[in-house]
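The block underneath contains the structure these notes are about, expressed in structure tokens.
Residue numbers (the numbering used here): 3 to 84.
Next comes the structure, spelled out in structure tokens:
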């Protein structure tokens, strides 16, 4: 899927699309293993941006933890399955 008119054959959009597709494949492997990467969350209401120690709840698996803990879980899963 190379474009001969581009210097390297690929555009920035091609590289970004490939990265998004790989992320999707990683998330699919995580879900297939029965684990949750905590992608959909609900935090506290309000106009202020959330802090790392604010409580959040994953809307996919129901786990309630701090934002930092959910981010750490997701980071570990992406490293393991990515």
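Beta carbons are placed, not taken as given, at the ideal position from N, Cα and C, and that holds for glycine.
Looking at residue i: is its Cβ nearer than 9 Å to the Cβ of residue j?
| i | j | result |
| --- | --- | --- |
| residue 20 | residue 29 | no |
| residue 83 | residue 35 | yes |
| residue 75 | residue 67 | yes |
By Cβ distance, which residues of its chain are closer than 8 Å to residue i, with the 5 residues on each side in sequence left out?
| i | result |
| --- | --- |
| residue 72 | 40, 43, 58, 60 and 65 |
Any heavy atom of the ligand GDP inside 8 Å of the beta-carbon of residue i?
| i | result |
| --- | --- |
| residue 68 | Absence of the ligand GDP from the depicted structure is noted, as is the absence of any ligand whatsoever, leaving it without description. |
So, for residue i: in the same chain, excluding its five sequence neighbours on each side, which residues have a beta-carbon less than 6 Å away from its beta-carbon?
| i | result |
| --- | --- |
| residue 52 | 45 and 69 |
| residue 54 | 69 and 70 |
The beta strand (DSSP E) spanning residue i covers which residue range?
| i | result |
| --- | --- |
| residue 66 | 66-68 |
| residue 37 | Counting along the chain, residue 37 falls outside any beta strand (DSSP E), and DSSP gives it neither H nor E. |
| residue 58 | 57-60 |
Which same chain residues end up closer than 7 Å to residue i when comparing Cβ atoms and leaving out the 5 residues on each side of it in sequence?
| i | result |
| --- | --- |
| residue 48 | none |
Would you give the residue range spanned by the alpha helix (DSSP H) that residue i belongs to?
| i | result |
| --- | --- |
| residue 34 | 14-34 |
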